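K.L.:
Before we start, here is the structure in question, set down as structure tokens.
Protein chains: 2
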Amino acid sequence: MVELETERLDAIFHALGDPTRRQMLRDLSGGERTVSQLAEPYEMSLAAASKHIKALESAGLIRREVRGRTHVCHLEPGPLANAHEWLSFYEAFWTLRLDRLEDLLRDEDAAKSNPPPKPEGDDR
Amino acid sequence: MVELETERLDAIFHALGDPTRRQMLRDLSGGERTVSQLAEPYEMSLAAASKHIKALESAGLIRREVRGRTHVCHLEPGPLANAHEWLSFYEAFWTLRLDRLEDLLRDEDAAKSNPPPKPEGDDR
DNA sequence: TCTATATTCAACCACATGGTTGAATTAGAG
DNA sequence: CTCTAATTCAACCATGTGGTTGAATATAGA
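Top to bottom, those sequences are chains A and B.
In terms of the working numbering, the first sequence is residues 5 to 128.
In terms of the working numbering, the second sequence is residues 5 to 128.
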């Protein structure tokens, strides 16, 4: 497993916590876009959109290729996979009925012979 | 697909963007915890931890049951599933090789007879 | 070279966030 | 009833965030 450092997840989830940035990612899922193309749908100034793009970039969610005077952005899906994987830890909790969950956890712990129901220090 | 309102996702991802709160969720995956139990591992004041718990609660990620003078929290996995589902949209992007992705998207669009994802700059 | 386009930078502002401390609330225990 | 424990509330503070505007930078094109 990846033992992702917490700082990385901070940046990823923080970047995803803004609707403008999520929409920009959605937009980029249709192919590469320049900064102005990404900014176009929003009321805000170009400078503001540029900041959002920088946030996405420094979270590693997009990559930027400078082509002459235009900056072309494309999706960088790795960190999204990381976030997805982090969430997958909880998959059992929304998949199983709660009364079965306890048994499952106990079984898994027995299999690993790990002390489980207190996974402190797993992330962070 | 669920067409989750954006506000909900804002709160969920924002709540997940803090290491203390992620750790608290991890802790709660081991079973219910009181507020003081949740706060115990951290240096911060109880009031500060209480605020984090409130953030998790108002994002719907935990539920609180008041038992006498103690508040017992447990995980509420629904919103985690929502976030997971939101991220799943991008699964193809980290699963497939990029040169195959374009074809896939085109095929899907053709199948739905939707206007394809703005094929400008798709060549190269 | 001159001008227009694409983008960032810097300064600034309002408001949110994450933390503190001390007082208030509520309930169990003697 | 009183004391103590569990928790929140309120006020406050420093810093971060998301937005603005105007100037700066760099490149494309005439």
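For each residue, glycine too, the CB sits at the ideal point set by N, CA and C.
Just so it is clear, the structure is predicted and the values come from calculations on it, not from any experiment.
Does the Cβ-Cβ distance between L65 of chain B and P83 of chain B come in under 9 Å?
P.N.:
Yes, the pair counts as a contact, with Cβ atoms nearer than the cut-off.
K.L.:
What is the DSSP secondary structure of N118 of chain B, counted as helix, strand or coil?
P.N.:
Any reading at N118 of chain B must be qualified, since the residue scores a pLDDT of 45, below 50, and its modelled position is unreliable; no value is offered.
K.L.:
Helix, strand or coil for R71 of chain B per DSSP?
P.N.:
strand
K.L.:
For the alpha helix (DSSP H) that contains A53 of chain B, what are its first and last residues?
P.N.:
L50 to S62
K.L.:
Which word fits M28 of chain B, buried or exposed, when buried means at least 16 other C-beta atoms lie within 10 angstroms of its C-beta?
P.N.:
buried
K.L.:
What first and last residue would you give for the alpha helix (DSSP H) that runs through G34 of chain B?
P.N.:
From DSSP, G34 of chain B is part of no alpha helix (DSSP H); its letter is neither H nor E.
K.L.:
Kindly list, in the order they appear in chain B, the residues whose Cβ is closer than 7 Å to that of G135 of chain A.
P.N.:
With chain A running from 5 to 128 in the structure shown, residue 135 of chain A is simply not present.
K.L.:
Closest by CA to R37 of chain B, which one among B:A85, B:L91, B:L79 and B:A96?
P.N.:
Closest in C-alpha terms to R37 of chain B, from the list B:A85, B:L91, B:L79 and B:A96, comes B:L79.
K.L.:
Please name the residue in A:H18, A:H88 and A:G35 whose C-alpha comes closest to that of H56 of chain A.
P.N.:
A:H18
K.L.:
May I ask you to check if the CB of M28 of chain A is nearer than 8 Å to at least one heavy atom of the ligand COA?
P.N.:
Looking for the ligand COA in the displayed structure turns up nothing, as the structure carries no ligands at all.
K.L.:
Applying the criterion that 16 or more other CB atoms from any shown protein chain within 10 Å of the CB defines a buried residue, is G72 of chain B buried or exposed?
P.N.:
exposed
K.L.:
Quick one: is T10 of chain A near chain B, going by C-beta distance under 9 Å?
P.N.:
yes
K.L.:
Where R25 of chain B and G34 of chain A are concerned, what is the direct C-alpha to C-alpha distance, given to the nearest angstrom?
P.N.:
33 Å
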